[in-house]
Amino acid sequence: MRVCAVLDVNDGVVAWWRYVHMCTSNLRFKHHFTTLPSPCMHDCVGICVSSREGDGSWQEDDVGNVGPSPPLVTIIKPLKGVDDGMEENIVSFLQQDYPEYEIIFCVDAEKDKAYAFVCDILSRHHTYAKRVVFTTKGARVGPNPKINNMVPAFDLVRSELVLSSDSNARVEASYLRRVVKYMTNDDKVVIASGFVAGFSPSGFGGMLECLYLNTFYARFMLLLDALGIPQVVGKNIMFRRDFILRNGGLAALGYHLAEDNVMGQWAVRERLKVVLTREPSYQHIGSHSLYDFWQRHLRWGRLRKGLAFGGFVAEVVTYPFVSLLIGCASIPAVFGMSLSCYCVLHICLHCASDMVLYNCVLGEHDGGGFWKSVCAWAMREITALPMWLHVASGNTVNWRGSVLRVLRGGDIEDVTESATRKLM
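Just so you know, the working numbering puts 239 at position 202 of the sequence shown, and the rest follows in order with no gaps.
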């Protein structure tokens, strides 16, 4: 709505709003995290197939001090297949510097490759978790496969605080302590999540993926949070168990592709608080083909369109080449500069701002190199409008082997099941 109001006054102002937008996002980012934890190579006793006790040892420092009686936290890890960097991802959660936490890994079936893979990790790595459990049979509560996978695990939760964490998320050792503080400092905070930050991209598709996460998505998450608009990101999301239960449990999320968004709506409805933390959820990007990249962002673009159509339409004016065309209509005349000078300045400012944010989010992690990042940035911006048009042209997505139709409001239906019912 803010963008539309600006356009009514002067189309050219949109380009300058873009610069303010980018700079505000950069200034809002608080860079206070360090490097990723290195996986330790301590021996373990046996392979975990149902439950396993750790010694719970940890080292406390002044970062995220949780006090003398820290609350128990349960981490739910839904798994499907084996991702790039998955071992290091899992180990980063097994070795959290937090005194009271449990982990529940969940797979849809024992034949899933992730089951044997994680059991092998548990046999070779030490864990500080008090208990590690596996669930090997998912439920069927809707077309969302992630929720189907998590429902049996949620039934085993013994704690008030729960962290749902994707298999490709990686965090530093102090992550739990930092996030728990948001929940314990204010009883009205029911959800705490952080924006996603990519690292270690491989191949051109991987570079594009990393750039999208660390610039486009991070920028909008931080900007909207600065404006007081609640943001919930499902990569790593901590929530209160009783809050979920009184809204119908995880099963109530089975028909939503963006279950994190629905949880945020529940919180707003109850006038409770949602926190976007400054602890990013790192994602090991690894190798992505251009097709993988396109399909992933086609899926999330159509989800954004279903959730907030007005925002999706306004999104296009933030693309640099679109806002460049808008600005060309008035800014050179208003500020007395040549058209060519304005075009160069516009693109350079946009690229420089994105590179600042990109490297700020990366910290000390591998981002693929400066020139590769700049080349990938140029390709991303050139393809941004074609991607937007592709998103606008339909409402079906492919996700984890299922073809889903995104409905208004972010609800989903399984296209295959829908077709079967019609035939019957």
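Yeah, the Cβ is synthetic: ideal placement off N, Cα and C, and Gly gets one too.
Could you give the distance in angstroms between the alpha-carbon of residue i and the alpha-carbon of residue j?
i	j	result
P105	R214	13 Å
A229	L131	20 Å
L245	I274	25 Å
L327	L309	40 Å
G364	V353	14 Å
S430	G235	28 Å
P317	G373	42 Å
A146	Y292	21 Å
L260	V443	26 Å
N126	A304	29 Å
Y497	A366	It is not possible to answer for residue 497, since the shown part of the chain is limited to 38 through 461.
Q332	R341	14 Å
L73	K272	Confidence at L73 is low in this model, with a pLDDT of 34, below 50, so its placement is unreliable and no value can be given for it.
C350	A295	First, the amino acid is wrong: residue 350 is Val here, not Cys. If you take the alpha carbons of V350 and A295, they lie about 19 Å apart.
Y212	G265	24 Å
W337	C412	23 Å
V359	I281	41 Å
L335	A210	33 Å
S62	L386	Confidence in S62 is poor, its pLDDT being 45 and thus under 50, which makes the residue's placement unreliable; the coordinate value appears in the next sentence. If I take the Cα positions, the gap works out to 14 Å.
G405	D279	43 Å
E149	V381	Note on residue identity: the sequence assigns Asp, not Glu, to residue 149. D149 and V381: Cα-Cα distance of roughly 52 Å.
V216	S160	28 Å
I419	N222	45 Å
W425	P182	26 Å
Below 8 Å on the Cβ atoms is my guess for residue i versus residue j; work out the distance and round it to an integer in Å.
i	j	result
T173	V194	So it is not a contact: roughly 17 Å between Cβ atoms.
G438	H325	Rounded, the Cβ-Cβ distance is 18 Å, inconsistent with contact.
G446	G343	7 Å
R339	V208	Not a contact, Cβ separation roughly 29 Å.
P136	M187	Actually they do not touch by this definition, with Cβ atoms about 25 Å apart.
V270	G231	7 Å
V170	A288	At roughly 20 Å, the Cβ-Cβ gap does not stay under 8 Å, so V170 and A288 are not in contact.
A263	Y356	21 Å between Cβ atoms; not a contact.
S237	G323	7 Å
Inspect the beta-carbon positions of residue i and residue j and report whether they are closer than 7 Å.
i	j	result
L248	R417	yes
S239	I113	no
V233	R277	no
V452	V434	no
H321	D121	yes
N251	Y395	yes
S196	T314	no
F142	V128	no
I449	P180	yes
L362	P369	no
V398	A255	yes
C378	W414	no
Please name the residue, chosen from the options, that lies closest to residue i on a Cα-to-Cα basis.
i	options	result
Q302	R333, N222, P267	P267
I184	R207, Y319, V299	V299
R306	N284, D451, P317	N284
M220	P108, D157, C412, P423	P108
K167	M187, L361, A351, Q133	Q133
K117	L399, P189, A151, I140	A151
A176	I140, D297, H163, D192	D192
T164	W408, M258, Y138	Y138
M258	S237, K218, V312, L282	V312
K409	F241, S390, V217, E124	F241
F346	N432, V217, S360, P189	N432
M392	L382, C380, F407	F407
D203	D157, I158, D297, N222	D297
H162	E124, L382, V371	E124
L198	G323, P182, K218, A210	K218
S390	N222, L426, F253, M424	F253
A190	I140, K148, I158, D157	I140
D329	V371, V216, W436	W436
Is there at least one Cβ from chain D nearer than 7 Å to residue i's Cβ?
i	result
N251	In the structure shown, chain D cannot be found, because there is only a single protein chain.
Is it the case that the CB of residue i approaches a heavy atom of the ligand SAM more closely than 6 Å?
i	result
G240	For the ligand SAM, the structure offers nothing, since it holds no ligand at all.
Review point. In chain order, which continuous runs of the alpha helix (DSSP H) of length 4 or greater are located wholly inside the stretch 276 to 343?
Key: 278 to 282, 296 to 306
**Study point:** alpha helix (DSSP H) runs contained entirely in the stretch 399 to 435, provided each spans 4 or more residues
**Key:** Annotation: the stretch 399 to 435 contains the following complete segments of the alpha helix (DSSP H) (minimum length 4 residues), in chain order: 407 to 429.
Check your understanding: Which whole runs of the alpha helix (DSSP H) in the stretch 156 to 218 are 4 residues long or more, in chain order?
Key -> As summarised for the stretch 156 to 218, the continuous alpha helix (DSSP H) elements at least 4 residues long and confined to that stretch are 182 to 192, given in chain order.
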